[in-house]
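Per our numbering, the sequence shown starts with residue 19, numbered consecutively.
By construction, the Cβ of each residue, glycine as well, lies at the ideal position given by its N, Cα and C atoms.
All of these numbers come straight from a predicted model, not from anything done at the bench.
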Amino acid sequence: MDPITALLAQVLDDIRGDDRGAPASYIPELATVDPDHLAFGVVGPRGRIRSVGDDEVEFTIQSISKPFVLAHVLAQRGLSDVLTRVGAEPSGEPFNAISLEEGTGRPANPMVNAGAIATTGMVPGDDVASRTESVLATLSAFAGRRLRVDEDVYHSESSTGDRNRALAHLMRSYGIIDAPVDLAVETYFRQCSILVTVRDLAVMASTLAFGGVNPVTGDRVVQERVARDVLSIMSSCGMYDFSGEWMLRVGLPAKSGVSGGVLAVAPSQFGVAAFSPRLDEHGNSVRGQAIVETLSDRMGMHLLEPHESISQPIVDVSETSDGRVIRLSGELGFAAAERVLVVLRDLATMAPKDAVLLVDGRELARTHPAAMVALRSELELLPGTIRFVE
Ligand code: GLN
């Protein structure tokens, strides 16, 4: 077992004994699940899936579908348009609260039911089947395999979904939903009933972690900006009325679902997913949260603690007939530009008067525009001849 999988297995063992909470029962079909299921998976930058526990067990995605349908709609309509129909503020209320903005009828955010139904209402298509297909295609691209709907759970959701239907009727009366209520709501029930394993969720999380590119398939699923927008909303609203404390304790954008899944994203590092059906009073998986919190602690993943730069530029110095060449590769952000400048300052001050320094940035995989501007203007202040090749 490699060290990371061993760490996952250790975390799983440490939280296994916690049997607090109970599986969701308001959707009858969800209550039939084995409450002891427990699984955990992570996917890193090279797309290797590591998972432990009941990692082959399928369960319905439920609310974890919300950020991905949001991504789908953002990619088609853009942020400003989407924000006219759904807000981006934490609601501080339970996931199924009947609460809409006064006057406009806009739901608080796309992660509570009202906001998610409004989001799903923006999916184009003439009927439930074509709308579901367009949602399924996007979620499948995030997961890297073809996903499908659990028909039993769908029927169970639909036959007990009056609260969600009521929310949709209210929103339609305000013009937040254009589509007939049934189109929006039945598509929403179907999207919640899509079957996944913890491995699928970890891949989906990793696609958000790596700027919209699925690291397993190598396919770009959404633009980097869309992934960033989705993660921003997950950071403040992903865990319902526990979102603030979650950010405080775990420090990662995350999303939970009532079937017991939890997904979290460590940008540029890992996609993480856990599954355990017993829920707490907020509707979040008890052990799923504990798994992600323990992992975040043990691996130092909290976003707001100081981080080492993920990819430092490699500074390789060689002498050529054109002068001294300094080769940069990797990512160049502010911190990295600062380190490069320290080296260049030394080289430039030590160099003979007529020496030429060539900074070769052609292998830089990723540059931050503002860091490049800063680097260029600092370079001009250094003594001697310095040329920057991009
Ligand atoms: N289908 C569920 C509902 O709308 C999803 C809720 C959830 O996972 N929190 O009630």
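#1: Would you call K371 buried or exposed, if buried means 16 or more other Cβ atoms sit within 10 Å of its Cβ?
#2: Which residues, in chain order, sit with a beta-carbon under 6 Å away from any heavy atom of the ligand GLN?
#3: Taking only runs that begin and end inside the segment 249–330, name each unbroken beta strand (DSSP E) of 3 or more residues, in chain order.
#4: Just how far apart, CA to CA, sit A366 and E337?
#5: By DSSP, does E337 sit in helix, in strand, or in coil?
#6: Relative to the alpha-carbon of R217, which residue among R296, L281, T50 has its alpha-carbon at the smallest distance?
#7: Using the Cβ count rule (16 or more neighbours within 10 Å means buried), how would you classify E398?
#8: Decide if the segment 41–61 is in contact with the segment 122–136; the criterion is three or more beta carbon pairs, one per stretch, under 8 Å apart.
#9: Return the chain-ordered list of same chain residues with a C-beta closer than 7 Å to the C-beta of R164, the five sequence neighbours on each side being excluded.
#10: Among E311, G379, A184, P41, which has the Cα closest to the Cα of P434?
#11: Going by beta-carbon coordinates alone, are G139 and A202 separated by less than 7 Å?
#12: Once the 5 residues before and after I404 are set aside, which same chain residues still bring their CB inside 6 Å of it?
#13: For G162 versus V239, is the C-beta distance shorter than 7 Å?
#14: Report the CB separation of S84 from P128 in whole angstroms; it is logged as a contact under 8 Å.
#15: Is the Cβ-Cβ distance between D200 and L97 less than 7 Å?
#16: Can you tell me whether V221 is helix, strand or coil according to DSSP?
#17: Could you tell me whether the Cβ of I194 comes closer than 7 Å to any Cβ of chain B?
#18: Closest to V343 by CA distance: which of D378, R357, E356 is it?
#19: Could you name the residues that DSSP lists as bridge partners for A49?
#20: Quick one: give me the first and last residue of the beta strand (DSSP E) that E120 is part of.
#21: According to DSSP, simplified to helix, strand and coil, what is G348?
#22: Got a sec, what are the start and stop residues for the beta strand (DSSP E) T385 sits in?
#23: Rounded to whole angstroms, what's the CA-CA distance from P401 to S395? Just pull it up for me.
From the atom records:
#1: Residue 371 sits at position 353 when you count from the first residue of the sequence shown. K371 is exposed by the Cβ-count criterion.
#2: Matched residues: Q80, S81, F113, N114, N131, E175, N182, C210, G275, V276, G301.
#3: Counting whole runs of 3 or more residues, the segment 249–330 contains the beta strand (DSSP E) stretches 272–274, 279–284, 288–293.
#4: The count along the sequence shown starts at 1 and reaches residue 366 at position 348. The count along the sequence shown starts at 1 and reaches residue 337 at position 319. Rounded to the nearest angstrom, the two C-alpha atoms are 14 Å apart.
#5: Within the sequence shown, residue 337 is the residue found at index 319, counting from 1. Three-state result, E337: strand.
#6: Position 199 of the sequence shown, counted from the start, is the residue given in the question as residue 217. Relative to R217, the option among R296, L281, T50 whose CA is nearest is L281.
#7: For this step, residue 398 is matched to residue 380 along the sequence shown. The residue is exposed, with fewer than 16 neighbouring Cβ atoms inside 10 Å.
#8: No: the two stretches stay apart, fewer than three of their Cβ pairs being nearer than 8 Å.
#9: Translated into the one-based positions of the sequence shown, residue 164 becomes position 146. When the five nearest sequence neighbours on each side are left out, the beta carbons in the same chain lying within less than 7 Å of the beta carbon of R164 are those of S158, in order along the chain.
#10: The structure shown does not extend to residue 434, since the chain spans only 19 to 408, so no value can be given for it.
#11: Start at 1 with the first residue of the sequence shown, and residue 139 comes out as number 121. Start at 1 with the first residue of the sequence shown, and residue 202 comes out as number 184. In contact: G139 and A202 (Cβ atoms closer than 7 Å).
#12: In the sequence shown, the residue the question calls residue 404 occupies position 386. Counting only Cβ-Cβ distances below 6 Å, and skipping sequence neighbours, we find L375, L397.
#13: As a working mapping, residue 162 is identified with position 144 in the sequence shown. As a working mapping, residue 239 is identified with position 221 in the sequence shown. Not closer than 7 Å, so no.
#14: The residue given as residue 84 occupies position 66 in the sequence shown. The residue given as residue 128 occupies position 110 in the sequence shown. According to the sequence displayed, residue 84 carries Lys and not Ser. That belief holds up - the Cβ atoms of K84 and P128 are roughly 6 Å apart, short of 8 Å.
#15: Translated into positions along the sequence shown, residue 200 becomes position 182. Translated into positions along the sequence shown, residue 97 becomes position 79. No, the pair does not count as a contact, with Cβ atoms beyond the cut-off.
#16: The sequence position of residue 221 within the sequence shown is 203, counting from 1. Secondary structure at V221: helix, using DSSP grouped into helix, strand and coil.
#17: You won't find chain B in this structure, because it holds only one protein chain.
#18: In the sequence shown, the residue the question calls residue 343 occupies position 325. For the residues D378, R357, E356, the minimum Cα distance to V343 belongs to D378.
#19: Along the sequence shown, read from residue 1 onward, the residue named residue 49 stands at position 31. Its beta-bridge partners do not exist; DSSP assigns none.
#20: For this step, residue 120 is matched to residue 102 along the sequence shown. In the DSSP assignment, E120 falls outside any beta strand (DSSP E) and carries neither an H nor an E.
#21: Residue numbering aside, residue 348 sits at position 330 when the sequence shown is read from its first letter. Per DSSP, reduced to three states, the secondary structure at G348 is strand.
#22: Counting from 1 along the sequence shown, the entry for residue 385 is found at position 367. Per DSSP, T385 belongs to the beta strand (DSSP E) from 374–385.
#23: Counting from 1 along the sequence shown, the entry for residue 401 is found at position 383. Counting from 1 along the sequence shown, the entry for residue 395 is found at position 377. Distance between the alpha carbons of P401 and S395: 13 Å.
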